[in-house]
Every structure is written in C-alpha cells, then in structure tokens.
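Visitor: Numbering (the numbering used here), first residue to last: 1242 to 1595.
The structure under discussion is supplied below as structure tokens; questions concerning it will follow.
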C-alpha cells in the first residue's frame, strides 16, 4: 500500500539480462522472454531482479507507482502491457470484479506452500484464484521522541493545535479520509454521504488548526532529515526508521484502530508473458528470496518459512508484527464501488483548500 520513496512522475526501468543460455539452464528461445512488473516504489530489493534474470534468463522491466489509483488508471488506459502488478486489497477486489485480472496457475507456484493459510482466501479474493500475498502491514503515527515528549496514541493528536507545523499527513486519498472517518467513530469503508462529508470537513479544519504537509513515500527521508517530528506512515517504513535509530522513533497504531492492508501480486488480463510472470512470482515466494525483500523493506511477511528465519528482534517489532490487541479495531479497505465518487469529490475539495 509503500513502504517506499515516492516516484515523482517517472518510473524507473530495470532491464536485466543473462549472458549464457547454458549457464542459466534455459529452454531454447527463453532468452527472449521479458516481463514488465509494476510495483510500489522502494518495494523490492533490486538485486532480486538481477538474480532472477541470472537464474532464468528472463529480462525484467521494472516500473513503479505511488498510489493504487495511479496504478489503476495506468493499467486501465491500456497504454502499457504489464505482466505482474501489486495492488492493495480493495484494488484487487475491484480489478477482479471488473475482469481486468486473470486467474493464476497455482500448480506452477511450488513455493506457494510457504504462505500461511491465514493470508489465503481473504475477503478481496475469497476463492483464492487471482492473487498471491506479497506483504502486509498497517498505517499509523510515527513521532520523534526526542522532540515530542507526550505519548501519542490517538488520531486526535493529529488535530491538536499544539503540533501546528509539525505533522505530515498521507497524500493517499483512502488513507487520509480513512483516518478522518475512524477518528470520528465511523468505518474507514463508510458509504454514508453524511459521514464522508464530515470526515472531509474535518480534514479541511485540520489544515487551519495545524497546517499539515501531505507527503507520500518521501516521508522516510523527511523524518530522517528532522523536518517535522510527527507523520502518518506505513508500518514498514516506520520499522526501517526504528531499526536505524531505535532511541529516536516511536510507532503507534492509534487506539481508534487503523487500516490493516495486504498487498498482493496479480496478473493483468492483457499480460503478454503469463508463464514467465508466474516464474518470477514463484521466485519471490522462495523463503530466502522473500527474506532478502523483508530485510530491505521492513514489512510483515505472509511467508511462514521466511518468518521462521527472522531474528527475534524483528519478530518482536510491533511496527511490523503488531499483536492482536493493537489490531482489534482495525479494518481492511474494501472496494467502494459506485461510492468511490463521493471519496474522489471529497478529496478534490480537500486538496484544493490552502
């Protein structure tokens, strides 16, 4: 949903090659195979792309996006053919309903057995036909304990005039409107026009109260630079910062609850190289490969064999692996259907306000 440096309009492309068919143990002609992967920014260790090409000879064009909506519009436009994309839960649900993704051949994914059963057959893909879980996490508040002496534990803290000019908000529509809804005691998936209007008004009022700055994946660098001491952040990004400086940062899941999200791989309907995409997907499910990713990006893994390989410090990090009590009021985002226009209109109004 991320964890993740914002890509400002340009997608990075990585084209990786294998020099020898014999060394790579390839079938004839497979050196010509290329897949195009569309993923969140800073959401993979790029050495994995090189390693995959070296082992298989399959080239990887790698592009990035910064929000689900950005990804959706680009895929929907049909101007690019992607073989593998990584949307979040509610967007997976939407794309399945719109018949824009295709079923995965799970027989070709020998490493799929590494995925914990509790991450299968989830609400956005109940028959477990179209998606493979990649990472999971939450959104919450991170703050610099050397500057903020109070114990932050509520979304209300982001409306406290005491913290004027000290707060980063998320520039993701679902995140910020979801936070405002949750703060008011409503569902993050509300389809009630009045509730959405109140949440929108609260975000506009917040601008007057504390003058927050809306940012995306660059929040890690912004927090490192000490530009502001409080921010809305994805759990994996928080885990990275806390690992770098454990005495400085604190990450909290507000007591009102938050978004529990799941990012999953899906194959678009118009993918040109489905078989090669599934080979790459199976490679990502390898426990050691997945651990390399987890070590790099800091998010929770649904891969049980990878989890077993993590050290106790990582396993006990409440940012990446919160306990059940911390998640009791949390919600998974769902597809809004026709009600997404209410959110879009509200978001346009919010972002237009100074």
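Just so you know, even glycine gets a beta-carbon here, dropped at the ideal spot from N, CA and C.
Pairing CB atoms from the region 1350-1359 with CB atoms from the region 1330-1338, are three or more of them under 8 Å?
Guide: At 8 Å Cβ cutoff, the stretches do not touch.
Visitor: Return helix, strand or coil for residue 1428, following the three-state DSSP convention.
Guide: As a first step, residue 1428 must be located in the chain shown, where it is residue number 187. Coil at residue 1428, not helix or strand.
Visitor: Taking just the CA atoms, how far does residue 1441 sit from residue 1533?
Guide: Here residue 1533 refers to the residue found at position 292 of the chain shown. Here residue 1441 refers to the residue found at position 200 of the chain shown. Approximately 40 Å, taken between the alpha carbons.
Visitor: Scan the region 1457-1496 and note each continuous alpha helix (DSSP H) run of 4 residues or more that stays entirely inside, going in chain order.
Guide: Within the region 1457-1496, the complete alpha helix (DSSP H) runs of at least 4 residues are 1460-1465 and 1476-1485.
Visitor: In whole angstroms, what is the alpha-carbon distance linking residue 1483 and residue 1388?
Guide: For the purposes of this step, residue 1483 is identified with residue 242 of the chain shown, where counting begins at 1. For the purposes of this step, residue 1388 is identified with residue 147 of the chain shown, where counting begins at 1. Rounded to whole angstroms, residue 1483 to residue 1388 spans 15 Å at the Cα level.
Visitor: For the region 1387-1402 against the region 1462-1481, are there 3 or more C-beta pairs whose distance is under 8 Å?
Guide: Enough Cβ pairs lie closer than 8 Å, so yes.
Visitor: For a minimum of 3 consecutive residues, which ranges assigned as the beta strand (DSSP E) are wholly contained in the region 1300-1344?
Guide: As far as the region 1300-1344 is concerned, its whole beta strand (DSSP E) runs of at least 3 residues are 1300-1306.
Visitor: Need the endpoints of the alpha helix (DSSP H) that residue 1389 sits in, please.
Guide: Counted from its first residue, the chain shown places residue 1389 at position 148. It is not in any alpha helix (DSSP H) - residue 1389 carries neither H nor E in the DSSP assignment.
Visitor: Could you name the residues of the same chain whose beta carbon sits closer than 8 Å to that of residue 1425, not counting the 5 residues immediately before and after it, in chain order?
Guide: In the chain shown, residue 1425 corresponds to position 184, counting from 1. So the qualifying residues of the chain are 1436, 1439, 1440 and 1443.
Visitor: Report the residue from 1390, 1560, 1551 and 1417 whose alpha carbon sits nearest the alpha carbon of residue 1448.
Guide: Along the chain shown, one-based indexing puts residue 1448 at 207. Comparing Cα-Cα distances from residue 1448 to each of 1390, 1560, 1551 and 1417, the minimum goes to 1417.
Visitor: Can you look up residue 1580 in the DSSP assignment and give me helix, strand or coil?
Guide: For the purposes of this step, residue 1580 is taken as residue 339 along the chain shown, with counting starting at 1. Reduced to three states, the DSSP call for residue 1580 is helix.
Visitor: Could you check the C-alpha separation between residue 1272 and residue 1278 for me, to the nearest Å?
Guide: Translated into the one-based positions of the chain shown, residue 1272 becomes position 31. Translated into the one-based positions of the chain shown, residue 1278 becomes position 37. In this predicted model, residue 1272 has a pLDDT of only 42, less than 50, meaning its place in the structure is not dependable enough to derive any value.
Visitor: Taking the straight line between their C-alpha atoms, what separation do you get for residue 1500 and residue 1286?
Guide: For the purposes of this step, residue 1500 is taken as the residue at position 259 of the chain shown. For the purposes of this step, residue 1286 is taken as the residue at position 45 of the chain shown. Rounded to whole angstroms, residue 1500 to residue 1286 spans 25 Å at the Cα level.
Visitor: Kindly indicate which three-state DSSP category residue 1249 falls into: helix, strand or coil?
Guide: Start at 1 with the first residue of the chain shown, and residue 1249 comes out as number 8. Low confidence applies to residue 1249: its pLDDT is 32, below 50, so where it sits in the model is not reliable enough to give any reading.
Visitor: Looking only at its own chain, which residues have a Cβ that is under 6 Å from the Cβ of residue 1244, when we skip the five neighbours before and after it?
Guide: Walking along the chain shown from the start, residue 1244 turns up at place 3. Low per-residue confidence applies at residue 1244: pLDDT is 43, beneath 50, and the placement is therefore not dependable enough to give any value.
Visitor: Which term fits residue 1329, buried or exposed, when burial requires 16 or more other beta carbons within 10 angstroms of its beta carbon?
Guide: Taking the chain shown and counting its residues from 1, one reaches residue 1329 at position 88. Classification for residue 1329: buried.
Visitor: Going by alpha carbons, who is nearest to residue 1292 out of 1582, 1544, 1593 and 1530?
Guide: Position 51 of the chain shown, counted from the first residue, corresponds to residue 1292. Of the candidates 1582, 1544, 1593 and 1530, the one whose C-alpha sits nearest the C-alpha of residue 1292 is 1530.
Visitor: What's the gap between the Cα of residue 1573 and the Cα of residue 1489?
Guide: By 1-based counting over the chain shown, the position of residue 1573 is 332. By 1-based counting over the chain shown, the position of residue 1489 is 248. C-alpha separation (whole angstroms): 30 Å.
Visitor: Would residue 1510 be called buried (16 or more neighbouring beta carbons within 10 Å of its own) or exposed?
Guide: Indexing the chain shown from 1 puts residue 1510 at position 269. Exposed: under 16 other Cβ atoms inside 10 Å.
Visitor: When the Cα atoms are used, what is the spatial distance from residue 1552 to residue 1535?
Guide: What you label residue 1552 is simply residue 311 of the chain shown in a count that begins at 1. What you label residue 1535 is simply residue 294 of the chain shown in a count that begins at 1. Distance between the alpha carbons of residue 1552 and residue 1535: 12 Å.
Visitor: Just how far apart, CA to CA, sit residue 1542 and residue 1295?
Guide: Taking the first residue of the chain shown as position 1, residue 1542 is located at position 301. Taking the first residue of the chain shown as position 1, residue 1295 is located at position 54. Taking the straight line from one Cα to the other gives about 25 Å.
Visitor: Compare the beta carbon distance of residue 1372 and residue 1506 with 8 Å and say whether it is the shorter of the two.
Guide: On the chain shown, position 131 is the one that residue 1372 refers to. On the chain shown, position 265 is the one that residue 1506 refers to. Yes.
Visitor: Take residue 1331 as the anchor and find which of 1445, 1323, 1322 and 1308 has the nearest alpha-carbon.
Guide: Mapped onto the chain shown, residue 1331 falls at position 90. It is 1308.
Visitor: Quick one: grab the DSSP three-state call for residue 1572.
Guide: Translated into the one-based positions of the chain shown, residue 1572 becomes position 331. Residue 1572: strand per DSSP, three-state reduction.
Visitor: When you compare only the Cα positions, how much space is there between residue 1300 and residue 1575?
Guide: Looking up residue 1300 in the chain shown gives position 59. Looking up residue 1575 in the chain shown gives position 334. Each residue's alpha carbon lies about 34 Å from the other.
Visitor: If you run the structure through DSSP and keep just helix, strand and coil, what is residue 1453?
Guide: Here residue 1453 refers to the residue found at position 212 when the chain shown is read from its first residue. Of the three classes helix, strand and coil, the one that applies to residue 1453 here is coil, per DSSP.
Visitor: For residue 1266, which three-state DSSP category applies?
Guide: The count along the chain shown starts at 1 and reaches residue 1266 at position 25. Bear in mind that the predicted position of residue 1266 carries a pLDDT of just 41, short of 50, making it unreliable; the figure below should be weighed with that in mind. Coil.
Visitor: If residue 1516 sits next to residue 1345, beta carbons under 8 Å apart, how far is it from one beta carbon to the other, in whole angstroms?
Guide: Sequence index remark: in the chain shown, residue 1516 carries index 275 (1-based). Sequence index remark: in the chain shown, residue 1345 carries index 104 (1-based). Actually they are not in contact, since the Cβ atoms of residue 1516 and residue 1345 sit about 11 Å apart, beyond 8 Å.
Visitor: Is the separation between the beta-carbon of residue 1363 and that of residue 1503 shorter than 8 Å?
Guide: Taking the chain shown and counting its residues from 1, one reaches residue 1363 at position 122. Taking the chain shown and counting its residues from 1, one reaches residue 1503 at position 262. Yes. Within cutoff.
Visitor: Please state the DSSP three-state secondary structure of residue 1498.
Guide: The residue given as residue 1498 occupies position 257 in the chain shown. Three-state DSSP puts residue 1498 in coil, outside helix and strand.
Visitor: In terms of residues, what are the limits of the beta strand (DSSP E) holding residue 1379?
Guide: On the chain shown, position 138 is the one that residue 1379 refers to. Unbroken beta strand (DSSP E) run through residue 1379: 1373-1385.
Visitor: What's the gap between the Cα of residue 1557 and the Cα of residue 1379?
Guide: Taking the first residue of the chain shown as 1, we reach residue 1557 at position 316. Taking the first residue of the chain shown as 1, we reach residue 1379 at position 138. Roughly 16 Å separates the two Cα atoms.
Visitor: Give me whichever residues DSSP pairs with residue 1504 in a beta bridge.
Guide: Within the chain shown, residue 1504 is the residue found at index 263, counting from 1. 1329 and 1376, per the DSSP bridge assignment.
Visitor: Keeping to the same chain, check which residues put their C-beta closer than 7 Å to that of residue 1289; ignore five residues upstream and five downstream.
Guide: As a working mapping, residue 1289 is identified with position 48 in the chain shown. The residues are 1530, 1533 and 1534.
Visitor: Where do the N-terminal and C-terminal ends of the beta strand (DSSP E) with residue 1275 fall, by residue?
Guide: Position 34 of the chain shown, counted from the start, is the residue given in the question as residue 1275. Counting along the chain, the beta strand (DSSP E) containing residue 1275 begins and ends at 1275-1281.
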